[in-house]
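Here's the structure we're looking at; comments come further down.
2 protein chains.
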Amino acid sequence: MKILKTARAVQNLIKKERCSGKTVGFVPTMGCLHEGHLSLIRRAKKENDNTVVSIFVNPKQFSPREDFSRYPRNKKHDEYLLQKEKVDIIFYPSAEEMYPHRYLTYVEVERLSSILCGQFRPGHFKGVATIVTKLFNIVMPDTAYFGQKDAQQAVIIAKMADDLNFPLKIKILPTVREADGLALSSRNRYLDPQQRRDAVVLFKALQQARRMIRAGARDAAGIKRTMATTIRKKPSVSSLDYIAIVDAKTLAPVRRIQKNKILIALAVRIKATRLIDNCIVTAP
Amino acid sequence: MKILKTARAVQNLIKKERCSGKTVGFVPTMGCLHEGHLSLIRRAKKENDNTVVSIFVNPKQFSPREDFSRYPRNKKHDEYLLQKEKVDIIFYPSAEEMYPHRYLTYVEVERLSSILCGQFRPGHFKGVATIVTKLFNIVMPDTAYFGQKDAQQAVIIAKMADDLNFPLKIKILPTVREADGLALSSRNRYLDPQQRRDAVVLFKALQQARRMIRAGARDAAGIKRTMATTIRKKPSVSSLDYIAIVDAKTLAPVRRIQKNKILIALAVRIKATRLIDNCIVTAP
């Protein structure tokens, strides 16, 4: 396993691999790896000759009031996990390597970036689109793997890759969950035991919505009201950023649930910890 | 010579070429080719196994009041010239191919895009950065060639390629001029004979500035005043958008000319036709 710290070193190595006909799978992460990341890495390993994992806590996707400085970092354990998965290359750049003095260039997927989480995290998806563009140019993968847990990010990156003609495939893999349904997230470690118990309400509310739709509910507003009531009952819930029922591909709001795939997504603050979750549903 | 109309067709062909170790040189154009373009193409031919020329009048880099619809197009003659130069691939996409319905993604080099020409052409360099990103992802060149005539564009694209880690080299080649000094431009054909004679004043003013600096002038404001007087004397000059004396790399304004490379750039309207020109000077 090679650990590389510069973009140039990765590009030189990957160019060689691709010239000899080898495929490259890529999993970009912010480190503090959990089974969600590992499921992406295992798929990348299975489908490619080389697997590259980047670890970079991207300052540009955090707003000044957010948790950039306290975002969990666990380099030694991450390396241990990646070694165990037989990852070929870890790209581990510094902030200075990615954003040198006088950095000026940004990528933005308009409209999709200002709704849902974008309303509560201004600049977040611009930071995501920018770093992912840079990483795609550095790693030059055949396929890049992202988790469905970050549903809006997945839609934005797929749209960006398509709009900007990136010569690669994007694969979105299912959310990995704890036994009780809580979606894995590096931020779960911020939760104390009571908060951890209450946090499962995101999943519960999604399950509730799914059951309602299966039972014939078609009015999105009514479903969202029921979900909100469930969520607000939990004492650790400090605020409900949003519950959205939208078209799974365009993220356009859905009022009446029809036959197309819909995304039910929500963001909830469990005291100071902001958690997100979602599910994709097709009405029967 | 292959003429390809889809991004996918170009990517498939280039992937094959690159896999067999062949290099790719790329010259993006808006067509209506002149000796300026041909100088780039000849250099690309000399330095690469394959040369790709794109022809696409990019609607996103024209503002609604600009000359997009009347911008000169000359497909047959362009093809004739490219055939003569033994270009390998022409990429000739439709607007629909490049910006399909629901296109949403843009690239912007902040700060550098809002000064000089950017002040007079809002959105222009965002359109340029976006189309060049798309073309880089489609053509995947080893080296891309641009003309110094579009000095600000050259700085912005070099900065973008660097910031976004594009795995390629940018080369900027000298402006090609008519015998009397007028910089070649597809827009020169808008000029009537009187306007054509007056248009040489852009070059004359730049020469004047160069002579002043050689003779010891160091105050940028004084040099700009002298240039403006020269330009405004010509009856066809309807307005002087700007004269700028800036650092050649950062485009930061220069008040007192020092030892670093400076760019003297100007944009002048000859009746309805907006022309630009520039030169790079180092004080002796």
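So the sequences go chain by chain: D and P.
Under the numbering used here, the first residue of the first sequence carries the number 1, and numbering increases by one thereafter.
Under the numbering used here, the first residue of the second sequence carries the number 1001, and numbering increases by one thereafter.
Ideal Cβ positions, reconstructed from N, Cα and C, are used throughout, including at glycine.
Computed from a prediction, not measured in an experiment: that's the story for all the values here.
Quiz item: Excluding sequence positions up to five away, which residues of its chain have a Cβ less than 8 Å from the Cβ of Q1083/P?
Solution: What you label residue 1083/P is simply residue 83 of the second sequence in a count that begins at 1. Hits under 8 Å: M1001.
Quiz item: Out of curiosity, what's the CA-to-CA distance linking R1274/P and A1044/P?
Solution: Reading the second sequence from its first residue, position 274 is the one you call residue 1274/P. Reading the second sequence from its first residue, position 44 is the one you call residue 1044/P. Straight-line Cα distance between these residues: approximately 29 Å.
Exercise. Could you tell me which chain D residues have their CB closer than 9 Å to the CB of F1166/P, listed as they occur along the chain?
Key: In the second sequence, counting from the first residue as 1, residue 1166/P sits at position 166. By Cβ distance, chain D contributes N137.
Quiz item: Can you find a C-beta in chain D that's less than 9 Å from the C-beta of C1117/P?
Solution: The residue labelled residue 1117/P in the question sits at position 117 within the second sequence. Judged by the 9 Å Cβ criterion, C1117/P is not in contact with chain D.
Quiz item: Mind pulling the chain P residues with CB within less than 7 Å of T133/D?
Solution: Locating residue 133/D in the first sequence gives position 133, counting from the first residue. Chain P residues near T133/D: L1164.
Quiz prompt | Distance cut-off 8 Å: A217/D Cβ against heavy atoms of the ligand NAP | solution = Of ligands this structure carries none, so the ligand NAP is not represented either.
Quiz item: V109/D CB to nearest chain P CB: under 9 Å?
Solution: Your numbering for residue 109/D matches position 109 in the first sequence. At least one chain P Cβ lies under 9 Å of V109/D.
Exercise. Out of Q1195/P, I1245/P, K1022/P and T1250/P, point me to the one whose CA is closest to A1217/P's CA.
Key: Here residue 1217/P is taken as the residue at index 217 of the second sequence, counted from 1. The residue with the shortest Cα to Cα distance from A1217/P is I1245/P.
Quiz item: Given that a residue counts as buried once 16 or more other Cβ atoms are within 10 Å of its Cβ, and exposed if not, what is P122/D?
Solution: As a working note, residue 122/D is residue 122 in the first sequence. Counting Cβ neighbours within 10 Å, P122/D comes out exposed, since fewer than 16 surround it.
Quiz item: Short check: CB of F26/D to CB of F56/D, under 9 Å?
Solution: Taking the first residue of the first sequence as 1, we reach residue 26/D at position 26. Taking the first residue of the first sequence as 1, we reach residue 56/D at position 56. Taking 9 Å as the Cβ cut-off, F26/D and F56/D do not qualify as a contacting pair.
Quiz item: For the stretch 1071 to 1082 of chain P against the stretch 1218 to 1228 of chain P, are there 3 or more C-beta pairs whose distance is under 8 Å?
Solution: no
Quiz item: Among the residues of its own chain, which have a CB less than 6 Å from the CB of A7/D, if the five just before and after it don't count?
Solution: Locating residue 7/D in the first sequence gives position 7, where the first residue counts as 1. Once the five neighbours on either side are set aside, the close Cβ partners of A7/D are I138.
Quiz item: Closest Cβ-Cβ distance between C1032/P and chain D: below 9 Å?
Solution: Position 32 of the second sequence holds residue 1032/P. No, because no Cβ of chain D sits closer than 9 Å to the Cβ of C1032/P.
Exercise. Classify N278/D as buried or exposed, calling it buried when 16 or more other Cβ atoms lie within 10 Å of its own Cβ.
Key: As a working note, residue 278/D is residue 278 in the first sequence. Per the 10 Å Cβ criterion, buried.
Exercise. Please check the pair V1087/P and V1053/P, which I expect to be a contact at CB under 8 Å, by giving their CB distance rounded to whole angstroms.
Key: Here residue 1087/P refers to the residue found at position 87 when the second sequence is read from its first residue. Here residue 1053/P refers to the residue found at position 53 when the second sequence is read from its first residue. Right, the Cβ-Cβ distance comes to about 5 Å (below 8 Å), so this counts as a contact.
Quiz item: Of the residues G31/D, C32/D, M30/D and K15/D, which one's Cα is nearest the Cα of V24/D?
Solution: Taking the first residue of the first sequence as position 1, residue 24/D is located at position 24. Checked all of G31/D, C32/D, M30/D and K15/D; the closest Cα to V24/D is K15/D.
Quiz item: Is Y1080/P buried or exposed, if buried means 16 or more other CB atoms sit within 10 Å of its CB?
Solution: Within the second sequence, residue 1080/P is the residue found at index 80, counting from 1. Exposed, since its Cβ has fewer than 16 Cβ neighbours within 10 Å.
Practice problem: Could you check what DSSP says for T273/D in three-state terms: helix, strand or coil? | Solution: Start at 1 with the first residue of the first sequence, and residue 273/D comes out as number 273. Strand.
Practice problem: Could you have a look at N12/D and say whether DSSP puts it in helix, strand or coil? | Solution: Counting from one through the first sequence, the residue named residue 12/D turns up at place 12. If DSSP states are grouped into helix, strand and coil, N12/D belongs with the helices.
Exercise. Taking all protein chains shown into account, decide if K126/D is buried (16 or more other Cβ within 10 angstroms of its Cβ) or exposed.
Key: Taking the first sequence and counting its residues from 1, one reaches residue 126/D at position 126. With 16 or more other Cβ atoms within 10 Å, it is buried.
Quiz prompt | First and last residue of the uninterrupted alpha helix (DSSP H) at E1096/P | solution = Locating residue 1096/P in the second sequence gives position 96, where the first residue counts as 1. Its alpha helix (DSSP H) spans residues A1095 to M1098.
Self-check item: For R65/D, the three-state DSSP class (helix, strand or coil)
Solution: Indexing the first sequence from 1 puts residue 65/D at position 65. If DSSP states are grouped into helix, strand and coil, R65/D belongs with coil.
Quiz item: Counting pairs of beta carbons, one from the stretch 1193 to 1213 of chain P and one from the stretch 1252 to 1270 of chain P, are three or more of them closer than 8 Å?
Solution: yes
Quiz item: Closest Cβ-Cβ distance between L352/D and chain P: below 9 Å?
Solution: A question about residue 352/D goes unanswered here, because the residues of chain D that appear run from 1 up to 284.
Quiz item: Based on the DSSP secondary-structure assignment, which residues constitute the bridge partners of G1147/P?
Solution: Position 147 of the second sequence holds residue 1147/P. Bridge partners of G1147/P: L1173/P.
Self-check item: Boundaries of the beta strand (DSSP E) in which S54/D is found, first to last residue
Solution: Locating residue 54/D in the first sequence gives position 54, where the first residue counts as 1. Element bounds for S54/D: N50 to I55.
Quiz item: Quick one: does A1129/P have its CB under 9 Å from some CB of chain D?
Solution: Numbered from its first residue, the second sequence carries residue 1129/P at position 129. So yes, A1129/P belongs to the interface.
Quiz prompt | Assigned secondary structure, A1179/P (DSSP; H/G/I helix, E/B strand, else coil) | solution = The residue you call residue 1179/P lines up with position 179 of the second sequence. DSSP places A1179/P in coil when its eight states are reduced to three.
Quiz item: Checking contacts by CB at 9 Å: is Y1092/P closer than that to chain D?
Solution: Within the second sequence, residue 1092/P is the residue found at index 92, counting from 1. No, no contact with chain D.
Quiz prompt | Against chain P: residues of the stretch 16 to 41 of chain D by CB proximity under 8 Å | solution = R18, C19 and G21
Self-check item: Cβ pair T1051/P, I1089/P closer than 9 Å
Solution: One-based indexing of the second sequence puts residue 1051/P at position 51. One-based indexing of the second sequence puts residue 1089/P at position 89. Against a cut-off of 9 Å, the Cβ pair of I1089/P and T1051/P comes out as a contact.
Quiz prompt | Per-residue DSSP class, three states only, for V201/D | solution = The residue given as residue 201/D occupies position 201 in the first sequence. Residue state, collapsed to three classes: helix.
Quiz item: For F1062/P, which residues from the same chain have a beta carbon less than 8 Å from its beta carbon, with the 5 sequence-adjacent residues on both sides left out?
Solution: Taking the first residue of the second sequence as position 1, residue 1062/P is located at position 62. Once the five neighbours on either side are set aside, the close Cβ partners of F1062/P are F1068, Y1071, H1124 and G1127.
Quiz item: Of all the CB atoms in chain A, is at least one closer than 9 Å to the CB of L104/D?
Solution: Absence of chain A from the displayed structure is noted, the protein chains being D and P.
Quiz item: Just curious, the beta strand (DSSP E) that L1164/P is in, first and last residue?
Solution: Position 164 of the second sequence holds residue 1164/P. From DSSP, L1164/P is part of no beta strand (DSSP E); its letter is neither H nor E.
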